[in-house]
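A.B. asks: So the protein lines, in turn, are chains P and R.
Under the working numbering, the first residue of the first sequence carries the number 242, and numbering increases by one thereafter.
Under the working numbering, the first residue of the second sequence carries the number 2, and numbering increases by one thereafter.
The beta-carbon is built from N, C-alpha and C at its ideal position, and this holds for glycine as well.
No experiment lies behind these values; they were computed from the predicted model shown.
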Amino acid sequence: MLELIGPFFRDLNDRTGWNFNVFYDPYEYGRFLAGAATTLQLIGWSLALSLVIGVLGAWAQSARSRALRWGVDAYIQAFRNTPPMIQLLFFYFGLGAFTPAVDMGGYSQPVISSFAWAVIALGIFGGAFNVEIFRAGIEAVPDATLEAAESLCFSRLQTYLYVTLPLAFRISLPALTNNLVSLAKTTSLAYIITVPEMTYVLNQVWSDNLNVPEMMLVLFGFYITVVTLLAAGLHAVERRLVLPGYGR
Amino acid sequence: MLFADPIAAGPAAIPQDRRALVSLRDVRKSYGAFEVLKGISLDVGKGEVACIIGPSGSGKSTLIRCINGLSPIQDGSITVDGQEVNDPKLDKLSLRRKVGIVFQQYNLFPHKTVLENVMLAPLKVLREPRAQVEERALSLIAKVRLTGKERAYPGELSGGQQQRVAIARSLAMRPEVMLFDEVTAALDPETVKEVLATIRELAAEGMTCILVTHEMGFAREVAHHVYFTDGGVIVEDGPPDRIFREAQDPRTRQFLSQVL
Ligand SMILES: Nc1ncnc2c1ncn2[C@@H]1O[C@H](COP(=O)(O)OP(=O)(O)OP(=O)(O)O)[C@@H](O)[C@H]1O
Ligand SMILES: [Mg+2]
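1. Which residues mark the beginning and the end of the alpha helix (DSSP H) in which P/D255 is found?
2. Is R/Y154 close to chain P? Criterion is C-beta to C-beta, closer than 9 Å.
3. For R/L124, which residues in the same chain have their Cβ closer than 8 Å to its Cβ, ignoring the five residues on either side in sequence?
4. Check the Cβ-Cβ distances between P/L490 and every residue of chain R, and say whether any is below 9 Å.
5. Name the chain P residues whose beta carbon is nearer than 7 Å to that of R/P56?
6. Which residues of chain P have a Cβ atom closer than 7 Å to the Cβ of R/R61, listed in chain order?
7. So, do the stretch 349-359 of chain P and the stretch 68-86 of chain R have three or more beta carbon pairs nearer to each other than 8 Å?
8. For chain P, find out if any of its Cβ atoms is closer than 9 Å to the Cβ of R/F181; answer yes or no.
9. Ligand 1 heavy atoms versus the CB of R/L64: any closer than 8 Å?
10. Closer than 8 Å is the cut-off here; do at least three beta carbon pairs connect the stretch 447-465 of chain P with the stretch 405-423 of chain P?
11. So with Cβ pairs under 9 Å, would you call P/V404 a contact of chain R?
12. Indicate, with yes or no, if ligand 2 has a heavy atom lying under 8 Å from the CB of R/K61.
13. Can you find a CB in chain P that lies within less than 9 Å of the CB of R/P89?
14. Which residues mark the beginning and the end of the alpha helix (DSSP H) in which P/E380 is found?
15. Measuring CB atoms only, is the stretch 258-273 of chain P touching the stretch 375-389 of chain P, in the sense that at least three cross pairs come out at less than 8 Å?
16. Looking at the secondary structure, which residues open and close the beta strand (DSSP E) in which R/G77 lies?
17. Closer than 7 Å between beta carbons: that is the criterion. Which residues of the stretch 108-127 of chain R meet it against chain P?
18. Under 8 Å, with one C-beta from each stretch per pair, do the stretch 30-44 of chain R and the stretch 192-204 of chain R reach the 3-pair mark?
19. Whole angstroms is fine: what's the gap from P/A431's alpha carbon to P/L329's?
20. Any Cβ of chain R within less than 9 Å of the Cβ of P/Q399?
21. Any heavy atom of ligand 2 closer than 8 Å to the Cβ of R/D338?
22. Is R/M208 near R/I102, with beta carbons less than 9 Å apart?
23. What does P/L408 reach in chain R if we use C-beta pairs closer than 9 Å?
24. Identify each residue in the stretch 408-437 of chain P for which the Cβ-Cβ distance to at least one residue of chain R is less than 8 Å, and report them in chain order.
25. Look up R/R246 in the DSSP assignment and say whether it is helix, strand or coil.
26. How about R/D238: is its Cβ closer than 8 Å to a heavy atom in ligand 1?
27. Is R/E183 near ligand 2 - that is, is its Cβ less than 8 Å away from at least one heavy atom of it?
28. Taking CB distances under 9 Å as the criterion, tell me whether P/A381 reaches chain R.
29. Per DSSP, what are the beta-bridge partners of R/L212 in this structure?
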């Protein structure tokens, strides 16, 4: 890849002074790739965690236990109504202070890395919205359909798994797509707790090389590409799950 | 009437063994302070077809829902095959397996194909082997005349077709009694015939049926026994010929004069 684009960007730098060194300097290119990989992993894990939390939270909200329902409501209020950046700081510096560290031979390393804290914080942040989104979807599943399942002897859990969830998921998908795309963008905030994702890495690059405008463009381009692909993927899922003739 | 079918030759003979399969005694049911069923008693024998007719709001749907335990009752008793429906110790599964129910609005699973709709409960609830379930499902789909539609989704079918899938889905659990709640009320006249033909066949095969219907011609043709309900009580009941020709109660006569 670098052999392919390197000469062009080196030439561009020589002739115009536009220094996209992450695309020709092997060391900076390595940093760029590492940042991209970290961002993609961060997005993947945060989105996955937020979905798991969304499903479990929506299930808990329909639970018989009042304490559980109250707990889920409190969680949603707390995490929807505070800035995600504060949440990241809270988890990393607040809770991180109480987690044990292991001796790595000379230096000590916390058992929960900054990356793991970012996944936890972002998953919980996005999950708070997903619970609400899934809840709305679950409520939109007609009672009559559930009653049909009940009369066919499905247990509560079976009805939830085979009827409620698949239908609620389809109903929720447009809102879910919005929230997941928004969460993917929010992962760039992990930069403030030193997760070496794309924003953090490019910040280092421009500090070292003083090519701020160029790296800003790269950052923009990177997120546009990633978010466009993610949205396209989610829309493809939406199209695949569309039910022929449903909702006519 | 919609129902002038020359081949239909009245209800099938009821088998000699007439032990009551479904039995209601003084059933009372209220929603809050509002009493919907005010002491209903009836017996439906094995292989019998019972029709419930009556004005809107008289509690017909409520009665049907109580029989398979979808709504609890406040007083009286309902037994199905000797099992008390409202016994808290009763295993709901063993009851519901015996009772199939088909609703006015079909209520199919919209995200499952016709075949999947029919197969889902036997696979997941009865945990029967897939090959066996599929074979039975295909034959039920053929029975309701929907062969070729196995892979269609409910949204791609007409109301009448969906209703026949709902019947096949219920039959796949091999119930001993089928409850039909105004299953043709949402259909247009042409498709009503298809659905009634399916029910007629079932009845002729000896399936015990309790059906709420506004199709008086059909009730007259397939029923062994007709119950007229009004205001939460059974006002009058008897063989269809008697109810439809020489009803005694003025409320029955008034209702029949409006719908016939
Ligand atoms: N879930 C409920 N909560 C409160 N009242 C109800 C409920 N379901 C039914 N009812 C009331 O009970 C009465 C009987 O209703 P039901 O649906 O059994 O009548 P029906 O005979 O089936 O009428 P229709 O021919 O219109 O279907 C009605 O007055 C109705 O308003
Ligand atoms: Mg009704």
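C.D. replies: With the given structure in hand:
1. L243 to T257
2. yes
3. R131 and V134
4. Residue 490 of chain P falls outside the range modelled here, since chain P spans only 242 to 489, and no answer is possible.
5. Under the 7 Å cutoff, chain P gives no residues; its nearest Cβ is about 23 Å from R/P56.
6. For the sequence presented, residue 61 of chain R should be read as Lys rather than Arg. The premise fails here: R/K61 is roughly 16 Å from chain P at the closest Cβ pair, so nothing lies under 7 Å.
7. no
8. no
9. yes
10. no
11. yes
12. yes
13. no
14. S355 to E380
15. no
16. D76 to V81
17. N108, F110, P111, H112, L121, A122, K125 and V126
18. no
19. 7 Å
20. yes
21. Only positions 2 to 261 of chain R appear in the structure, and residue 338 of chain R is not among them; the question remains open.
22. no
23. F110, P111 and H112
24. L408 and R411
25. helix
26. no
27. yes
28. no
29. R/C52 and R/F181
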